[in-house]
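Participant:
So this is what it looks like as structure tokens:
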């Protein structure tokens, strides 16, 4: 018997059936409990992050939430599309369709930028080859 | 730092990115020690989640060591080892204070449908994920739980998501003792839902999938009966027959938006005519007995799906669903792990260094090499 098999065998032998049968053994019951902080150390007053360029919020909010992610701020054509999407209520289909379109545009932007980088290296590479050939000839 | 990044559907690479920094007084920066690849990360990989931006780092199941803490953090200090819930929650808003931390209203400026989530597109707040060497963790005094000194990271890693998610799925099924339960999906969440169904007192648990090695794993790991839906013809009729023609009392959908089983729904779902493939929900609604409970924990996105709501209404079903409120389950499930009732670590089939993350994604997505769960080891 391998270690993994032994581990599984031992595991299945544990008395698990009905261990949480009593409702007070279930952390999610009631699903919505009386209001109290989620953890004892949860901050009473939430400091707001300072605004960042290229970070949006949905139309329904008057301002940013106190805390937010700052990854990949909006840029380029995909940024324009995403900004337009977030200025449309999320209950509208066009909100989601614009986000999907922006995703595809974003990938295209990345691929074009990558291609441009490669193309920019071509003259440098050609010059290096010509120079090397010339030096070898001399 | 090195981090996994998204560059378009089915294209992820490990690249160099700037280190995260403290951006709010209650943030901490973690050096990531273990990071799981979740089934829901595959929806991102496949380009199915709106506003997934090029450069986004995935990863919402991780453990780490605190390397820096904001000035208002009371609960953690440098060197503490923690496991972090995938939800980013303030702990005191209307929803958090009622235990619904998955619905926190202070951490996601981009959508009303969920709280902030690590590494899960900008519709869950635009936070970087934990499939990286370092990650910024907001509300450090709310979400992260210290790992007991006598426990290893891998023993508790899945408290971050899939174990509480599976448990909540079973709990939402309202099992009171003696019920029959069908679980659609033998992925990691499905496996933990099966385990949890036993804990809550189910009398019979039957798992449905179409991948033979996963069905075998479910039989061994969770001690359940299994059905390969591709081998039984009409799966709904087959399942009803297993339960005296009525169907089971409870059905759990642990599949989500990339289900197999209907060519029509696959075409509509993968071409964005609907938000993913709702086959598992429809089978759940059709299979469960009248007045039974359907628990939906598989991930679906807005704006719409072709769901068989008429059948649900006429059968008098109770449909319950939510993203998991992870934080409230962590202490309870830690106790189950410590006391040996749940061996969460046993579902790990593959471990990879961060540099091999794209290979891990490919293996997990293609269900190759008996893969059930991949874990990355960024600090190795």
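Protein chains in written order, with the numbering used here: chain A, 19 to 156; chain B, 70 to 449.
All C-beta atoms in this analysis are idealised placements derived from N, C-alpha and C, irrespective of residue type, glycine included.
All figures in this text were calculated on a predicted structure; none of them were measured in a lab.
Starting from residue 80 of chain A, trace the beta strand (DSSP E) in both directions and tell me its first and last residue.
Facilitator: Looking at the DSSP string, residue 80 of chain A is not in any beta strand (DSSP E), and its letter there is neither H nor E.
Participant: Does any residue of chain B have a CB that is nearer than 7 angstroms to the CB of residue 51 of chain A?
Facilitator: It does; some Cβ of chain B falls within 7 angstroms.
Participant: Compute the Euclidean distance between the alpha carbons of residue 120 of chain A and residue 92 of chain A, then round it to the nearest angstrom.
Facilitator: C-alpha separation (whole angstroms): 11 angstroms.
Participant: Could you list which residues in chain A have their beta carbon closer than 7 angstroms to that of residue 207 of chain B, in chain order?
Facilitator: Per Cβ cutoff of 7 angstroms: 85.
Participant: Skipping 5 residues on each side, what residues in its chain have a beta carbon closer than 6 angstroms to that of residue 70 of chain A?
Facilitator: Excluding residues within five positions, the ones whose Cβ falls inside 6 angstroms are 88.
Participant: At which residues does the alpha helix (DSSP H) containing residue 253 of chain B begin and terminate?
Facilitator: Unbroken run through residue 253 of chain B is the beta strand (DSSP E), 249-253; no alpha helix (DSSP H).
Participant: Measure the alpha-carbon distance for residue 210 of chain B versus residue 83 of chain B and round it to whole angstroms.
Facilitator: Residue 210 of chain B and residue 83 of chain B: Cα-Cα distance of roughly 30 angstroms.
Participant: Please state whether the Cβ-Cβ distance between residue 78 of chain A and residue 180 of chain B is less than 7 angstroms.
Facilitator: Contact flag unset, no.
Participant: Judging by CA-CA distance, which residue of B:449, B:239, B:296 is the nearest neighbour of residue 388 of chain B?
Facilitator: Among B:449, B:239, B:296, the Cα nearest to that of residue 388 of chain B is on B:239.
Participant: Suppose contacts are defined by Cβ-Cβ distances below 7 angstroms. Is residue 249 of chain B in contact with residue 273 of chain B by that definition?
Facilitator: The answer is yes: Cβ separation under 7 angstroms.
Participant: Put residue 166 of chain B into one of helix, strand or coil per three-state DSSP.
Facilitator: Residue 166 of chain B: helix per DSSP, three-state reduction.
Participant: Measuring only the C-alpha atoms, how far is residue 136 of chain B from residue 201 of chain B?
Facilitator: Spanning the two alpha carbons is a distance of roughly 14 angstroms.
Participant: Determine the burial state of residue 367 of chain B: buried for a count of at least 16 other Cβ atoms within 10 Å of its Cβ, exposed for fewer.
Facilitator: Buried.
Participant: Spatial neighbours of residue 416 of chain B within its chain, please: CB distance less than 7 angstroms, with the 5 preceding and 5 following residues excluded, ordered by chain position.
Facilitator: Only 257, 260, 290, 441, 442 meet the Cβ criterion.
Participant: So residue 102 of chain B and residue 132 of chain B are supposed to be a Cβ contact under 8 angstroms. How far apart are they, rounded?
Facilitator: Residue 102 of chain B to residue 132 of chain B, Cβ: 5 angstroms. Contact.
Participant: Only counting the same chain, and skipping five residues up and downstream in sequence, which positions put a Cβ closer than 7 angstroms to that of residue 22 of chain A?
Facilitator: Low confidence applies here, because residue 22 of chain A scores a pLDDT of 47, under 50, leaving its location unreliable; read the following figure in that light. So the list is empty, once near-sequence residues are dropped.
Participant: Interface residues of chain A around residue 196 of chain B at Cβ under 7 angstroms?
Facilitator: Those are 87, 89, listed as they occur along chain A.
Participant: Would you call residue 175 of chain B buried or exposed, if buried means 16 or more other Cβ atoms sit within 10 Å of its Cβ?
Facilitator: Under this definition residue 175 of chain B is a buried residue.
Participant: Counting only runs of 4+ residues fully inside the segment 285-357 of chain B, write out the alpha helix (DSSP H) ranges in chain order.
Facilitator: Whole alpha helix (DSSP H) segments, 4+ residues: 304-311, 332-339, 348-356.
Participant: Just to confirm, is the Cβ distance from residue 252 of chain B to residue 97 of chain B under 7 angstroms?
Facilitator: Cβ atoms of residue 252 of chain B and residue 97 of chain B: not closer than 7 angstroms.
Participant: Which word fits residue 340 of chain B, buried or exposed, when buried means at least 16 other C-beta atoms lie within 10 angstroms of its C-beta?
Facilitator: The residue in question, residue 340 of chain B, is exposed, as its Cβ has fewer than 16 Cβ neighbours within 10 Å.
Participant: Quick one: any contact between the segment 373-383 of chain B and the segment 405-421 of chain B, if contact means 3 or more CB pairs under 8 angstroms?
Facilitator: No, because fewer than three Cβ pairs between the segment 373-383 of chain B and the segment 405-421 of chain B fall closer than 8 angstroms, the two stretches do not touch.
Participant: Near residue 78 of chain B, what residues of its chain come up, given a Cβ to Cβ distance below 8 angstroms and the 5 sequence neighbours on each side ignored?
Facilitator: Only 114, 115, 116 meet the Cβ criterion.
Participant: Below 7 angstroms CB to CB, which residues in the same chain sit around residue 146 of chain B once its five sequence neighbours on both sides are set aside?
Facilitator: Within the same chain, residue 146 of chain B has close Cβ partners 135, 138.
Participant: Quick check for students: name the residue ranges of the beta strand (DSSP E) that lie wholly in the segment 106-182 of chain B, counting only runs of 3 or more.
Facilitator: Whole beta strand (DSSP E) segments, 3+ residues: 131-138, 150-153.
Participant: Would you say residue 210 of chain B reaches chain A, if we count a Cβ-Cβ gap shorter than 7 angstroms as a contact?
Facilitator: Answer yes: the Cβ-Cβ gap between residue 210 of chain B and chain A drops below 7 angstroms somewhere.
Participant: By how many angstroms is the C-alpha of residue 139 of chain A removed from the C-alpha of residue 154 of chain A?
Facilitator: Distance between the alpha carbons of residue 154 of chain A and residue 139 of chain A is about 22 angstroms.
Participant: According to a CB-to-CB cut-off of less than 7 angstroms, which residues of the segment 143-165 of chain B neighbour chain A?
Facilitator: Residues passing the 7 angstroms Cβ filter: 143, 144, 158, 159, 160, 161, 165.
Participant: Mind pulling the chain A residues with CB within less than 9 angstroms of residue 123 of chain B?
Facilitator: Result: 90, 96, 121, 124, 125, 127, 128.
Participant: DSSP three-state label for residue 381 of chain B, please.
Facilitator: It is helical.
Participant: For residue 419 of chain B, which residues does DSSP report across the bridge?
Facilitator: Answer by DSSP bridge pairing, in chain order: B:443.
Participant: When the Cβ atoms of the segment 309-321 of chain B are set against those of the segment 354-371 of chain B, are three or more pairs found closer than 8 angstroms?
Facilitator: At 8 angstroms Cβ cutoff, the stretches touch.
Participant: Would you please verify whether the beta carbon of residue 156 of chain A is less than 7 angstroms from any beta carbon of chain B?
Facilitator: Chain B contact via Cβ: absent.
Participant: With burial defined as no fewer than 16 other Cβ atoms inside 10 Å of the residue's Cβ, what is the status of residue 136 of chain A: buried or exposed?
Facilitator: It is exposed - the Cβ of residue 136 of chain A has fewer than 16 other Cβ atoms within 10 Å.
Participant: Flag residue 72 of chain A as yes if its beta-carbon sits less than 7 angstroms from any beta-carbon of chain B, otherwise no.
Facilitator: False, the Cβ-Cβ gap to chain B never drops below 7 angstroms.
Participant: Under 7 angstroms between C-beta atoms, does residue 170 of chain B make it to chain A?
Facilitator: Interface residue, yes.
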